[in-house]
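Asker: Can you read through this structure? Questions will come right after.
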Amino acid sequence: MKVKQLMSILNLKQKEENYDLNQKITGVTDDSRKVEEGFVFVAVRGYRVDGHQYIKEAIDRGAKVIVSEDYIHYPDVVCLQAEDGRRALGKIASAFYGHPAEDKIIIGVTGTNGKTTTSHMIKHLCEENGYSCSMFGTIDYVVNGEVIPGIQTTPSAPMLQKLLRESRDDVVVMEVSSHGLEQHRLEGVTFDYCVFTNLYKDHLDYHDTMEDYFAAKSKLFFMMKPGGKAVINTDDSWGQKLADRLSHEQIPHWTVGHSLESDVEIREIFTEPFAASIDDHGEKVNVVSPIEGAHNVYNTLQAYAVGRLLGFSSGSLAESLVSCPGIRGRFETYELENGAKVVIDYAHTADSVEHILDTARQQGARKITHVFGFRGNRDETKRADMIGASSLRSNSYILTLDDLNTSSYEHMIETLENLQREFGNSDGQIIPDRTLAIEKAIMDSDKDEWVIVTGKGHESYQQSFYYPVDSDKHMVEYMKEKFKQEKTDLMA
6 MKVKQLMSIL NLKQKEENYD LNQKITGVTD DSRKVEEGFV FVAVRGYRVD GHQYIKEAID
66 RGAKVIVSED YIHYPDVVCL QAEDGRRALG KIASAFYGHP AEDKIIIGVT GTNGKTTTSH
126 MIKHLCEENG YSCSMFGTID YVVNGEVIPG IQTTPSAPML QKLLRESRDD VVVMEVSSHG
186 LEQHRLEGVT FDYCVFTNLY KDHLDYHDTM EDYFAAKSKL FFMMKPGGKA VINTDDSWGQ
246 KLADRLSHEQ IPHWTVGHSL ESDVEIREIF TEPFAASIDD HGEKVNVVSP IEGAHNVYNT
306 LQAYAVGRLL GFSSGSLAES LVSCPGIRGR FETYELENGA KVVIDYAHTA DSVEHILDTA
366 RQQGARKITH VFGFRGNRDE TKRADMIGAS SLRSNSYILT LDDLNTSSYE HMIETLENLQ
426 REFGNSDGQI IPDRTLAIEK AIMDSDKDEW VIVTGKGHES YQQSFYYPVD SDKHMVEYMK
486 EKFKQEKTDL MA
C-alpha cells in the first residue's frame, strides 16, 4: 500500500503539504509500542487511553504516516486527519491486508450469553463435515490449526485482518462483541451468516441502556454479504425484535424457537439428556446437546441451523453434535471422591447464573453451593440481580473476589459487604480469597451435592490467593488430589 491509496481509502485530498504519494506503507497499528519503520500509526481515542498522546512516540519508532482526528503537523511525516480514528483504522487495516474476508465463508456470532459455546459447536460441525475452520473468540484464536491465546473476544482491526490474511481455512467463525462492533474492529468484514443468541443485562457501564446495547449488537446483521442469512433465537424477546426488524428490511434470516412459524421449530426440550425434538422445515429431528443445560440446547440448535444453511444434512449434524468435545470453562464438571460434583462456568450475568443453577437442580443436585464474585470497575448494575438469582436457586452462596482490575482490595471487600447487607440473605457469606472460598464450598460438600463456581471459567487469576494455583480449574483439581490423598492415607 502507498500513501495515495491510503488517502483514497480515507477519501482525503492532498492539502498544503507536498507529500510523496508513492511512499510505501509497511504496516498499520494503533499501538505505538508495535510501530516499526514505515508504519502508519492511527491515533484512536479509546475508552480509557487517548492514542493522540502517543503520536510522538510512534514517530520516534519509525512511523511515516500519522492518521489523527486532530489537525497535526510534524516535519518529514505524512499527517492525515480523519473524522473517526477507529473507523479509519478498520478501513486501512482491511485494505492493507487485501480485504481477506472476501474469499472466505465468514460466520459471526453475537449475543450476551452463548457466543463461545455456539462458535465452538459451529467450528466442530464444519470440521466434521469437510471444512477447515478458523475461529476468533473469548477463549483463544485458532488459525490453520494453530492456537493463539485470545486477548479480547473480537481482535483489534489490524490483528483481525492480519489473521484473516494468514488463514488458509475455508470457514472463519467469529464471536462478535458489542464493543468490537461499536469500535469498528470489524470494518471491512462482511458476513455470510450471523447468529443472535440472546440479550441480557450486561455491559451497561459501556452502553448505558439495553436499547443502546441492542443497537450495538444489531449492527452485525447489516454487515452481511449479498445472499447472507441470519440465525436468530426468537424465544428471546430481543431476538424477536431483531427478527421483526430484519423482516421489515427484507434481510433473509432463519428463526429458532417454539413458535409454529419458526424455521427450526422447537417441539420439546428434554433434560435427560439435554436435547430437543424439532421440526426443521417439515422434517422431524432429535438433536442432543453435547453440553448440559436447557440454555445450551438453544446454542446447539443455532449451531445446527448454521450447519443446515451451509448445506449439511440434518442427520450428519445430529451425529456430529454427539461427538462435540466439551468447552473449557463452560459447564466443566468434576466428580469428587466424596460423591459431590463441582461445575466451573464462565456465567457472569444474572440470567446465565439462573441457567447454570437450574441445570444443576434438573440434574439431581440435592444441595447447591454457589461461589461467585464481581469484577472491579465493571458493570455494577447487574450485581444485585446476580445475588438475587443465586439466593433463589442455591442453598447457600459464597461471595468472593473476581478480578480487581483497577479497584483496590479494600474497596472490593467493602463492595461485597454492602451488597450482602442490602441484597443477600442469611445463607450467604463472604470469603474474599477465591481459593479459600472454593475450598470451603468443597470441604462442606457431600454425596449428590453440587458446588457451582462461576465468573472466571477458562480465565486465569489476575492476582495471587492463598493457594498457589492460577485458575478455578486448577483449584478444583488441587482439591480432587487432596481428597484422593486423604482417602489413600486412610486406607494405608
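Be aware that the sequence shown starts at 6, since it is given in the working numbering, and climbs by one per residue. All residues carry an ideal CB built from backbone N, CA and C; glycine is no exception.
#1: Going along the chain, which residues of its own chain have a beta-carbon closer than 8 angstroms to the beta-carbon of serine 399, five neighbours each way excluded?
#2: In three-state DSSP terms, what is threonine 364?
#3: Alpha carbon to alpha carbon, what distance is there between glutamine 245 and serine 264?
#4: Per DSSP, what kind of secondary structure is cysteine 329 in: helix, strand or coil?
#5: Take lysine 487 as the anchor and find which of Gly460, Asn343 and Ser412 has the nearest alpha-carbon.
#6: Using 8 angstroms as the threshold, is the C-beta distance between isoleucine 60 and phenylalanine 46 below it?
#7: For histidine 360 and alanine 299, what's the separation of their Cα atoms in angstroms?
#8: I'd like the ranges of any beta strand (DSSP E) spanning at least 3 consecutive residues and lying wholly in the stretch 162–195.
#9: By alpha-carbon positions, which one of Ile435, Ser183 and Pro330 ends up nearest to glutamate 216?
#10: For glutamine 86, which residues does DSSP report across the bridge?
#11: Using a 10 Å radius around the Cβ and a threshold of 16 neighbouring Cβ atoms, would you call leucine 397 buried or exposed?
#12: Between the C-alpha atoms of glutamate 21 and isoleucine 14, what's the straight-line distance to the nearest angstrom?
#13: Look at the alpha carbon of proline 163 and the alpha carbon of proline 154, and state the distance between them as a whole number of angstroms.
#14: Can you look up histidine 258 in the DSSP assignment and give me helix, strand or coil?
#15: For glutamate 454, which option in Cys329, Ala345, Leu441 and Glu42 has the closest C-alpha, if you only look at C-alpha atoms?
#16: Identify the continuous alpha helix (DSSP H) that holds threonine 122 and give its terminal residues.
#17: Following the continuous beta strand (DSSP E) through isoleucine 111, name the residue where it begins and the one where it ends.
#18: Here's the rule: buried if 16 or more other CB atoms are within 10 angstroms of the residue's CB, otherwise exposed. What is asparagine 25?
#19: Which of helix, strand or coil does DSSP assign to histidine 253?
#20: If you measure between the beta carbons of threonine 276 and glutamine 367, is that distance less than 8 angstroms?
#21: Pick out whichever of Ala370, Arg383 and Ile349 has its Cα sitting closest to the Cα of phenylalanine 1.
#22: By DSSP, does glycine 244 sit in helix, in strand, or in coil?
#23: Return helix, strand or coil for glutamate 21, following the three-state DSSP convention.
#24: Given a threshold of 16 other Cβ atoms within 10 Å of its Cβ, counted over all protein chains shown, does aspartate 241 qualify as buried or as exposed?
#25: Report all residues from its chain with a CB closer than 8 angstroms to the CB of asparagine 410; omit the five preceding and five following residues, and keep chain order.
#26: Shorter than 8 angstroms from the beta carbon of valine 40 to some beta carbon of chain B?
#27: What are the boundary residues of the beta strand (DSSP E) that includes lysine 39?
#28: Only counting runs of 3 or more residues, tell me where the beta strand (DSSP E) segments fall wholly within the stretch 414–448, in order along the chain.
#29: Touching or not, the stretch 418–434 and the stretch 320–328, by the rule of three or more beta carbon pairs under 8 angstroms?
#30: Buried or exposed, going by whether 16 or more other CB atoms sit within 10 Å of the CB of tyrosine 146?
#31: Kindly indicate which three-state DSSP category isoleucine 296 falls into: helix, strand or coil?
#32: Can you grab the Cα-Cα spacing for the pair alanine 519 / aspartate 408, in whole Å?
#33: Using a Cβ-Cβ cut-off of 8 angstroms (strictly less than) and excluding sequence neighbours within five positions of glycine 103, which residues of its own chain qualify?
#34: Can you pull the DSSP bridge partners for alanine 281?
#35: Could you tell me which residues DSSP pairs with glutamate 454 in its beta bridges?
Answerer: Checking against the coordinates, here is how it stands:
#1: Walking along the sequence shown from the start, residue 399 turns up at place 394. The answer, listed in chain order, is Leu362, Ile373, Thr374, His375, Asp432 and Ile457.
#2: On the sequence shown, residue 364 is found 359 positions in, with the first residue counted as 1. The answer is helix: DSSP assigns threonine 364 an H, G or I state.
#3: Within the sequence shown, numbered from 1, the residue matching residue 264 stands at position 259. Within the sequence shown, numbered from 1, the residue matching residue 245 stands at position 240. Rounded to the nearest angstrom, the two C-alpha atoms are 11 angstroms apart.
#4: If you number the sequence shown from 1, residue 329 lands on position 324. Of the three classes helix, strand and coil, the one that applies to cysteine 329 here is coil, per DSSP.
#5: The residue you call residue 487 lines up with position 482 of the sequence shown. The candidate whose alpha carbon is nearest that of lysine 487 is Asn343.
#6: As a working mapping, residue 60 is identified with position 55 in the sequence shown. As a working mapping, residue 46 is identified with position 41 in the sequence shown. A contact, by the Cβ cut-off of 8 angstroms.
#7: Counting from 1 along the sequence shown, the entry for residue 360 is found at position 355. Counting from 1 along the sequence shown, the entry for residue 299 is found at position 294. Those two C-alpha atoms are separated by around 7 angstroms.
#8: 176–180
#9: What you label residue 216 is simply residue 211 of the sequence shown in a count that begins at 1. For glutamate 216, the nearest C-alpha among the options comes from Ser183.
#10: The sequence position of residue 86 within the sequence shown is 81, counting from 1. Note: glutamine 86 sits in a beta bridge opposite Ser73.
#11: Sequence index remark: in the sequence shown, residue 397 carries index 392 (1-based). By the neighbour-count rule (16 or more Cβ atoms within 10 Å), leucine 397 is not buried but exposed.
#12: Residue mapping note: residue 21 aligns to position 16 of the sequence shown, counting from 1. Residue mapping note: residue 14 aligns to position 9 of the sequence shown, counting from 1. Here the model assigns glutamate 21 a pLDDT of 49, short of 50, so the residue's position is not dependable, and the following value carries that caveat. The alpha-carbon atoms of glutamate 21 and isoleucine 14 are separated by roughly 19 angstroms.
#13: For this step, residue 163 is matched to residue 158 along the sequence shown. For this step, residue 154 is matched to residue 149 along the sequence shown. Straight-line Cα distance between these residues: approximately 16 angstroms.
#14: In the sequence shown, the residue the question calls residue 258 occupies position 253. Note: histidine 258 maps to strand in three-state DSSP.
#15: On the sequence shown, residue 454 is found 449 positions in, with the first residue counted as 1. Among Cys329, Ala345, Leu441 and Glu42, the Cα nearest to that of glutamate 454 belongs to Ala345.
#16: Walking along the sequence shown from the start, residue 122 turns up at place 117. Looking at the DSSP string, the run of the alpha helix (DSSP H) that includes threonine 122 is 120–133.
#17: If you number the sequence shown from 1, residue 111 lands on position 106. From DSSP, the beta strand (DSSP E) with isoleucine 111 extends over 110–115.
#18: Residue numbering aside, residue 25 sits at position 20 when the sequence shown is read from its first letter. According to the sequence provided, residue 25 is aspartate. The question's asparagine does not apply to it. Exposed, since its Cβ has fewer than 16 Cβ neighbours within 10 Å.
#19: Here the question's residue 253 lines up with position 248 in the sequence shown. Here histidine 253 sits in helix by DSSP.
#20: To locate residue 276, count along the sequence shown from 1; it is residue 271. To locate residue 367, count along the sequence shown from 1; it is residue 362. Result yes, Cβ atoms of threonine 276 and glutamine 367 sit closer than 8 angstroms.
#21: Since the first residue of the chain shown is 6 and the last is 497, residue 1 is not available in this structure.
#22: Taking the first residue of the sequence shown as 1, we reach residue 244 at position 239. Of the three classes helix, strand and coil, the one that applies to glycine 244 here is helix, per DSSP.
#23: As a first step, residue 21 must be located in the sequence shown, where it is residue number 16. Bear in mind that the predicted position of glutamate 21 carries a pLDDT of just 49, short of 50, making it unreliable; the figure below should be weighed with that in mind. Correct three-state label for glutamate 21: coil.
#24: In the sequence shown, residue 241 corresponds to position 236, counting from 1. So aspartate 241 ends up on the buried side.
#25: Along the sequence shown, one-based indexing puts residue 410 at 405. Correct list, in chain order: Arg380, Gly381, Asn382, Arg383 and Gln467.
#26: Among the chains in the structure shown there is no chain B, since it carries only a single protein chain.
#27: For the purposes of this step, residue 39 is identified with residue 34 of the sequence shown, where counting begins at 1. Where lysine 39 is concerned, there is no enclosing beta strand (DSSP E), given that its DSSP letter is neither H nor E.
#28: 433–435
#29: no
#30: Here residue 146 refers to the residue found at position 141 when the sequence shown is read from its first residue. That one is buried.
#31: For the purposes of this step, residue 296 is taken as residue 291 along the sequence shown, with counting starting at 1. If DSSP states are grouped into helix, strand and coil, isoleucine 296 belongs with coil.
#32: Nothing about residue 519 can be reported from this structure: the residues present for the chain run from 6 to 497 only.
#33: Start at 1 with the first residue of the sequence shown, and residue 103 comes out as number 98. So the list reads Arg170, once near-sequence residues are dropped.
#34: Along the sequence shown, read from residue 1 onward, the residue named residue 281 stands at position 276. According to DSSP, alanine 281 bridges with Ile274 and Val292.
#35: Taking the first residue of the sequence shown as position 1, residue 454 is located at position 449. Looking at the DSSP assignment, glutamate 454 forms a beta bridge with Lys372.
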